[in-house]
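Novice: Okay, here's the structure, questions in a sec.
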């Protein structure tokens, strides 16, 4: 390693897996003393902090290149050694920068590989191909081997090369014999040199044939060992022994090839340039592919990491803003006097819960998709287009989050309409909506009065005495069930009897609706709060802001049932129990997580509605056809006129006598037969 740059005091801390560069990177304005500036920098760091986590990857790549440079310096001499020293200097200068250029550093590996002699390049070929098979998709690996890469050459090419070299050896031997027949010693020495070089080239060609044969034998042994892996122990041992022998033979063939090439170089020959050029070109191609995979994979990791950070911050910021807005609305509703919006608070909170859970489901779906995106091979498709989609996909993510909340609310509306019951989805995991009925006054809107026993159950005078006195003694309403006593319905006195005068008063137009105590059917309006000061009653002072803010509304929970916030939310949303509310939250999460859930449900409802409409239309058509085929009906007989009834006239005394026969309200209330009294 070269000495550190004196101009950069931090250069000695760069490029090592043990002592990395200081983190985080220096940021402009980070040394300010303004607290607001610190908050802004912290927020900006969360949205777009630099690629500090990639500096460790760059340092590891620098250490790997240092190891390759050291191995090259051990075998290279002459001009190649000077070039490798220059490459080392460039590497150290690049690592001393604040942000090193990873692409430039990977390009140094190709320059190092080009400096190796062909003999070493052949040795390095298997390493590069192994790296290629690890980073490339299966389709690219299959196409590479189908292209018949140089090994150097196939069996036919090698055999042709051996025959050519043998022919050259034959010609040089004939020339040597002719030169020896003469008297020129220099010509004889030159012919001998050419003959020795031709023999060395032939030995190299034969060694290449042996290397190719041993390589194919080793490949067959590897396949046999894989097939025998599921067999018996003896079969596995035999296959492993054959594989070891093939590997040993292949190593011996490589050693023989290296010795033949070294002998050829000593005799003044040169290794055939075609094989070396082909191997070098193959190595450079593999290195370019490998480096592209590295850079594209790192780019995809950066894009996915930025999207996840942006997604998390957007999710929490949206939830915090929504919660703050809800709290402000609640404070406003509670603070303003005379507002009736506070009873809708539970409904608003319930809808917010549903939308928030749907948004959470959409967020988890996006996170899962991002994790799946980085699990595949970057070069399996178009890497540039994939990176472009990841870098420009924030709008699609925003739309997915919004759609999750909308689908969750829409699913609540679907359950509220009872549409899932049309598809057979009832009970179990499906929430049930509470069925509410509206009570109407008996005798109104054409509804019959409720059934009552025929016998009167009016209390005796001694039984009615201890009851509370009537609150109001005015006439009851013409259409209501207002009572004048605490225990009676439409009673004018405490004795339980209705006199003719009271009946006449009941028939008369009312002057107003009388109010009854809590046991009656009509509730009186609440009186204003009063307090006594010096024996005199005065109106209570208005409540303060904090009294109105922390005053809880009366519970709307049912009797003998647990009353907690979730139960109130369930009742506000129309669910009978809180279990149904939690079921809806589960379906809201699924609506946001599975984008096609709600659209598929709507499609199913639409298809079912169309099918029912078609069935109804077919039934109507069949009925119409049967009606047309049926014979005309016989004429109906003429109706016989009924005798006209004689109108009955009665006097006021008879009307009062009839009215005194039982209890009842003037508006058609319940009537019971009164027990006659003595005297």
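Numbering (the numbering used here), first residue to last: 84 to 762. Note that CB positions come from ideal geometry on N, CA and C, so glycine has one too.
Mind checking residue 407: buried by the 16 CB within 10 Å criterion, or exposed?
Specialist: On the chain shown, residue 407 is found 324 positions in, with the first residue counted as 1. Per the 10 Å Cβ criterion, exposed.
Novice: In the DSSP assignment, find the unbroken alpha helix (DSSP H) run with residue 485 in it and report its ends.
Specialist: Translated into positions along the chain shown, residue 485 becomes position 402. Element bounds for residue 485: 477-500.
Novice: Got a sec, what are the start and stop residues for the alpha helix (DSSP H) residue 181 sits in?
Specialist: Position 98 of the chain shown holds residue 181. No alpha helix (DSSP H) holds residue 181; DSSP gives it neither H nor E.
Novice: When burial is assigned at 16 or more other CB atoms within 10 Å of the CB, is residue 243 buried or exposed?
Specialist: Within the chain shown, numbered from 1, the residue matching residue 243 stands at position 160. Label assigned to residue 243: exposed.
Novice: With residue 469 as the anchor, note down where its alpha helix (DSSP H) starts and where it stops.
Specialist: Counting from one through the chain shown, the residue named residue 469 turns up at place 386. Here the alpha helix (DSSP H) through residue 469 covers 466-474.
Novice: Using only the alpha-carbon positions, how far apart do residue 649 and residue 475 sit?
Specialist: Taking the chain shown and counting its residues from 1, one reaches residue 649 at position 566. Taking the chain shown and counting its residues from 1, one reaches residue 475 at position 392. Between residue 649 and residue 475, the C-alpha separation is close to 41 Å.
Novice: Whole-angstrom Cβ separation of residue 481 and residue 366, contact assumed at under 8 Å?
Specialist: Numbered from its first residue, the chain shown carries residue 481 at position 398. Numbered from its first residue, the chain shown carries residue 366 at position 283. Between residue 366 and residue 481 the Cβ distance is about 47 Å, and since that is not below 8 Å, they are no contact.
Novice: May I ask you to verify whether the stretch 250-268 touches the stretch 278-291, counting CB pairs closer than 8 Å and requiring at least 3?
Specialist: Taking 8 Å as the limit for Cβ pairs, the verdict is that the stretch 278-291 does touch the stretch 250-268.
Novice: Give the DSSP-derived three-state secondary structure of residue 514 in the structure shown.
Specialist: Taking the chain shown and counting its residues from 1, the one referred to as residue 514 is at position 431. If DSSP states are grouped into helix, strand and coil, residue 514 belongs with coil.
Novice: Run through DSSP, which three-state label would residue 389 get?
Specialist: Working through the chain shown from its first residue, we reach residue 389 at position 306. Residue 389: helix per DSSP, three-state reduction.
Novice: Less than 9 Å between CB atoms is the rule here; does residue 649 satisfy it with respect to chain D?
Specialist: Here there is only one protein chain, and chain D is not present.
Novice: Around the Cβ of residue 313, are there at least 16 other Cβ atoms within 10 angstroms (buried) or fewer (exposed)?
Specialist: Walking along the chain shown from the start, residue 313 turns up at place 230. It is exposed - the Cβ of residue 313 has fewer than 16 other Cβ atoms within 10 Å.
Novice: Can you give me the C-alpha to C-alpha distance between residue 455 and residue 387, rounded to a whole angstrom?
Specialist: Residue mapping note: residue 455 aligns to position 372 of the chain shown, counting from 1. Residue mapping note: residue 387 aligns to position 304 of the chain shown, counting from 1. Spanning the two alpha carbons is a distance of roughly 10 Å.
Novice: Pull up the distance between the alpha-carbon of residue 639 and that of residue 495, whole angstroms please.
Specialist: Residue mapping note: residue 639 aligns to position 556 of the chain shown, counting from 1. Residue mapping note: residue 495 aligns to position 412 of the chain shown, counting from 1. Reliability of the predicted coordinates at residue 639 is poor, the pLDDT of 47 falling under 50, and no value is obtained from them.
Novice: Between the stretch 323-342 and the stretch 299-315, do three or more beta carbon pairs fall short of 8 Å?
Specialist: Yes: the two stretches touch, three or more of their Cβ pairs being nearer than 8 Å.
Novice: Roughly how many angstroms separate the alpha carbons of residue 501 and residue 675, rounded to a whole number?
Specialist: Start at 1 with the first residue of the chain shown, and residue 501 comes out as number 418. Start at 1 with the first residue of the chain shown, and residue 675 comes out as number 592. Residue 501 and residue 675: Cα-Cα distance of roughly 21 Å.
Novice: According to DSSP, simplified to helix, strand and coil, what is residue 159?
Specialist: Position 76 of the chain shown, counted from the start, is the residue given in the question as residue 159. Residue 159 falls in the coil class under three-state DSSP.
Novice: For residue 503, count the other beta carbons within 10 Å of its own beta carbon; 16 or more makes it buried, fewer makes it exposed. Which is it?
Specialist: Mapped onto the chain shown, residue 503 falls at position 420. Residue 503 comes out buried.
Novice: Which stretch, first to last residue, makes up the alpha helix (DSSP H) that contains residue 657?
Specialist: For this step, residue 657 is matched to residue 574 along the chain shown. Residue 657 -> no alpha helix (DSSP H), and no H or E assigned at all.
Novice: Quick check on the burial criterion: 16 or more other C-beta atoms within 10 angstroms. Buried or exposed for residue 701?
Specialist: As a position in the chain shown, residue 701 is number 618, starting the count at 1. Under this definition residue 701 is an exposed residue.
Novice: Closer than 8 Å is the cut-off here; do at least three beta carbon pairs connect the stretch 393-405 with the stretch 429-449?
Specialist: Yes, the stretch 393-405 touches the stretch 429-449.
Novice: Is residue 440 near residue 409, with beta carbons less than 9 Å apart?
Specialist: What you label residue 440 is simply residue 357 of the chain shown in a count that begins at 1. What you label residue 409 is simply residue 326 of the chain shown in a count that begins at 1. The answer is no: Cβ separation not under 9 Å.
Novice: Determine, using beta carbons only, whether residue 177 and residue 184 come nearer to each other than 9 Å.
Specialist: Walking along the chain shown from the start, residue 177 turns up at place 94. Walking along the chain shown from the start, residue 184 turns up at place 101. Their beta carbons are under 9 Å apart, which means residue 177 touches residue 184 by this criterion.
Novice: Report the residue from 655, 443 and 713 whose alpha carbon sits nearest the alpha carbon of residue 401.
Specialist: What you label residue 401 is simply residue 318 of the chain shown in a count that begins at 1. Residue 401 has its Cα closest to that of 443, out of 655, 443 and 713.
Novice: Kindly give me the distance between the Cβ atoms of residue 301 and residue 329, rounded to whole angstroms, as I take these residues to be in contact under 8 Å.
Specialist: As a position in the chain shown, residue 301 is number 218, starting the count at 1. As a position in the chain shown, residue 329 is number 246, starting the count at 1. Their Cβ separation, rounded to whole angstroms, is 4 Å, which keeps residue 301 and residue 329 in contact under 8 Å.
Novice: Helix, strand or coil, according to DSSP, for residue 340 in the structure here?
Specialist: Locating residue 340 in the chain shown gives position 257, counting from the first residue. Looking at residue 340 - three-state DSSP - the assignment turns out to be helix.
Novice: Pick helix, strand or coil for residue 352, following the three-state DSSP scheme.
Specialist: Looking up residue 352 in the chain shown gives position 269. Coil, per DSSP.
Novice: First and last residue of the alpha helix (DSSP H) that includes residue 227?
Specialist: Here residue 227 refers to the residue found at position 144 of the chain shown. Taken as a continuous stretch (DSSP letters only), the alpha helix (DSSP H) holding residue 227 covers 221-229.
Novice: Taking residue 511 as the reference, which of 670, 200 and 173 has the closest Cα?
Specialist: Working through the chain shown from its first residue, we reach residue 511 at position 428. Of 670, 200 and 173, the residue nearest in Cα terms is 670.
Novice: Taking DSSP as the reference, what is the three-state secondary structure of residue 413?
Specialist: The residue given as residue 413 occupies position 330 in the chain shown. Looking at residue 413 - three-state DSSP - the assignment turns out to be helix.
Novice: Please list the segments of the beta strand (DSSP E) lying wholly inside the stretch 257-283, counting only runs of 3 or more residues, in order along the chain.
Specialist: If we require 3 residues or more, the stretch 257-283 turns out to have no beta strand (DSSP E) run fully inside it.
Novice: Let me know if residue 294 comes out buried or exposed under the rule of 16 or more other beta-carbons within 10 Å of its beta-carbon.
Specialist: For the purposes of this step, residue 294 is taken as residue 211 along the chain shown, with counting starting at 1. Buried, because 16 or more other Cβ atoms sit within 10 Å of the Cβ of residue 294.
Novice: In angstroms, rounded to a whole number, what distance separates the CA positions of residue 278 and residue 248?
Specialist: Stepping through the chain shown from its first residue, residue 278 is reached at position 195. Stepping through the chain shown from its first residue, residue 248 is reached at position 165. Spanning the two alpha carbons is a distance of roughly 11 Å.
Novice: Rounded to whole angstroms, what is the Cα-Cα separation between residue 105 and residue 377?
Specialist: On the chain shown, position 22 is the one that residue 105 refers to. On the chain shown, position 294 is the one that residue 377 refers to. The predicted position of residue 105 is uncertain, since its pLDDT is 48 and thus under 50; no value can be drawn from it.
Novice: If we ignore side chains and look at the alpha-carbon of each, how far apart do residue 143 and residue 150 end up?
Specialist: As a position in the chain shown, residue 143 is number 60, starting the count at 1. As a position in the chain shown, residue 150 is number 67, starting the count at 1. The straight-line gap from Cα to Cα measures roughly 11 Å.
Novice: Which residue marks the beginning of the alpha helix (DSSP H) containing residue 687, and which one marks its end?
Specialist: Locating residue 687 in the chain shown gives position 604, where the first residue counts as 1. Where residue 687 is concerned, the enclosing alpha helix (DSSP H) stretches over 680-712.
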